[in-house]
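Step one of this worksheet: look at the structure below.
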Amino acid sequence: MAPRSGKTSGLAIPAILAAPGPVLLTSNKAANDAFTATVDARTAVGTIWTLDPQQIAHHPRRMWWDILADARDLAGAKRLAGHFVAASVDESAGSDFWSTAASNTLGALFLAAASHRRPITDVLAWLASPADRTPVDLLTDAGHDAVAAQLQGTVSGATETRDGIYETSRQYASCLLDPDVAAWVTPAKGLPQFRPAAFATSRDTLYLLSKDGGGSASAIIAAAADAVMRSAVVVAERSGGRLDPPALCVLDEAANVCRISDLPDLYSHLGSRGVIPMTILQSYRQGQKCWGEAGMDALWSAATIKVIGSGIDDADFADRLSRMIGDHDVQTTSVSTSESGKSTSVSMRTERILPPDAIRALPKGKALLFATGIRAAMLDLRPWYTEPSAKAISPASAAATQAITERALAKASLGRDDFEAAS
Ligand SMILES: Nc1ncnc2c1ncn2[C@@H]1O[C@H](COP(=O)(O)OP(=O)(O)O)[C@@H](O)[C@H]1O
Ligand SMILES: [Mg+2]
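Right, dumping it as structure tokens:
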């Protein structure tokens, strides 16, 4: 669905308001969006965790999450590095030498820090001075000899190459250079720690907010969403196979703020475990840019429910949808006049039920549903603000939006440190 077609108001928000279990939401907006519309209702059922490193909602820091918790083994460290690469590089652009080398280096440094319970800020210090032997020693110490040797090889290689790899790595991890961003993912005394495993069986809500694009905190958002979903699967496997109530993971603006590279693979594990992912994209192309053509294809096939709304401006995609909806027979009557008089003939013609141009012109508020095992259906979306519950939610959303404005103003007049202290 194109921007402003009702993805958030017609899909994300109603799903969150109806969710019986824990809810995760990623978003790049706070005011008058899913965060403000749901925060009040969700406060009533559980704890609210807001990870707002770039101050989208100007939310004071009242939690921290250990970004390195899953990076204590090589696979986890690589996955974390992958989130930082994916936030800056499109999968469709392919990977070159520098991005692969930088990803390996970041992975090694994350592993070095995580295996000794060092904070992620140490990784930044190591990135700044490639000659520092500390990470190599830490890796050797933790028994990761092969990774240590690999890192040592990079560090002692040709200076231009090493500097190029380190510069690329620094770019990928650049959001952590901002201490206000890094603070959310480093241990903080006196603040509650967000724990993905406990979250899976709670009725809590995790809001993950970030700006779009490379250099933003979107890598942190993707890493947190990934950690929550994976941990929920592990908890489900331990407790009879499924989470009950299920966990809802709404990845709103997924291609902008939550680029989990292996989301297509992850998808197939989640559904059967009571972890319900809901990936919201503006177009099919946006998904292809983010996950590559094969990746988007896999994501499309793995999703058992697909909803397509207005603003599809991609002729190939519209034609593909039109073919999926199918054909029907239309009766046509033709009249011909000759000397012997008028004659009428009736014939059947096969036509598309919904031709591509009609899909392109789908009005706001309408959507096509493709679900496994049934024919395609045309839906009327039911945005939250037209439902009876809007009577209570609208004022709550307005108040939450007002609170964001007030926090922004307070911050502007107080200065940031005083604001943190005051809140
Ligand atoms: N509380 C509301 N009351 C009336 N209209 C709204 C409200 N919230 C959103 N809308 C309208 O719904 C449309 C879709 O908004 P939204 O769901 O945020 O779009 P998307 O997420 O697809 O970008 C917008 O045109 C907006 O004007
Ligand atoms: Mg939206």
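According to my numbering, the sequence shown holds residues 19 to 441 in order.
The beta-carbon is built from N, C-alpha and C at its ideal position, and this holds for glycine as well.
Because the structure is a prediction, the values reported are computed rather than measured.
Grouping DSSP H, G and I as helix and E and B as strand, with all else coil, what is residue i?
{"i": "residue 352", "result": "strand"}
{"i": "residue 23", "result": "coil"}
{"i": "residue 407", "result": "coil"}
{"i": "residue 7", "result": "Outside the shown range of the chain (19 to 441) lies residue 7, about which nothing can therefore be said."}
{"i": "residue 149", "result": "coil"}
{"i": "residue 340", "result": "helix"}
{"i": "residue 267", "result": "strand"}
{"i": "residue 295", "result": "strand"}
{"i": "residue 234", "result": "coil"}
{"i": "residue 228", "result": "coil"}
{"i": "residue 208", "result": "coil"}
{"i": "residue 29", "result": "helix"}
{"i": "residue 415", "result": "helix"}
{"i": "residue 278", "result": "coil"}
{"i": "residue 464", "result": "Examination of residue 464 is not possible in this model, given that the chain is present from 19 through 441 alone."}
{"i": "residue 361", "result": "strand"}
{"i": "residue 262", "result": "coil"}
{"i": "residue 345", "result": "strand"}
Could you give the C-beta distance for residue i and residue j, rounded to a whole number, given that I count them as a contact under 8 Å?
{"i": "residue 12", "j": "residue 217", "result": "Outside the displayed span of the chain (19 to 441) sits residue 12, for which this structure offers no information."}
{"i": "residue 251", "j": "residue 291", "result": "5 Å"}
{"i": "residue 371", "j": "residue 343", "result": "5 Å"}
{"i": "residue 247", "j": "residue 284", "result": "6 Å"}
{"i": "residue 48", "j": "residue 74", "result": "5 Å"}
Let me check you understand the geometry: is the CB of residue i closer than 7 Å to at least one non-hydrogen atom of ligand 2?
{"i": "residue 25", "result": "yes"}
{"i": "residue 150", "result": "no"}
{"i": "residue 230", "result": "no"}
{"i": "residue 114", "result": "no"}
{"i": "residue 181", "result": "no"}
{"i": "residue 447", "result": "Not covered by the structure: residue 447. The range shown for the chain is 19 to 441."}
{"i": "residue 140", "result": "no"}
{"i": "residue 222", "result": "no"}
{"i": "residue 51", "result": "yes"}
{"i": "residue 244", "result": "no"}
{"i": "residue 270", "result": "yes"}
What span of residues does the alpha helix (DSSP H) with residue i cover, start to end?
{"i": "residue 318", "result": "302–320"}
{"i": "residue 61", "result": "52–61"}
{"i": "residue 177", "result": "177–190"}
{"i": "residue 203", "result": "No alpha helix (DSSP H) contains residue 203, which DSSP labels as neither H nor E."}
{"i": "residue 284", "result": "281–288"}
{"i": "residue 172", "result": "163–173"}
{"i": "residue 215", "result": "214–218"}
When every heavy atom of ligand 1 is checked, does at least one fall within less than 7 Å of the C-beta of residue i?
{"i": "residue 184", "result": "no"}
{"i": "residue 374", "result": "no"}
{"i": "residue 403", "result": "yes"}
{"i": "residue 301", "result": "no"}
{"i": "residue 328", "result": "no"}
{"i": "residue 135", "result": "no"}
{"i": "residue 296", "result": "no"}
{"i": "residue 45", "result": "no"}
{"i": "residue 22", "result": "yes"}
{"i": "residue 289", "result": "no"}
Which residue comes first and which comes last in the beta strand (DSSP E) that contains residue i?
{"i": "residue 45", "result": "41–45"}
Using a Cβ cut-off of 8 Å (strictly closer), state whether residue i contacts chain C.
{"i": "residue 426", "result": "No chain C is part of this structure, which consists of one protein chain only."}
Problem - Whole runs of the beta strand (DSSP E) within the region 85–142, excluding any shorter than 3 residues - result: none
Handout entry: Runs of alpha helix (DSSP H) wholly within the region 365–413 (minimum 4 residues, chain order)
Key = 374–378
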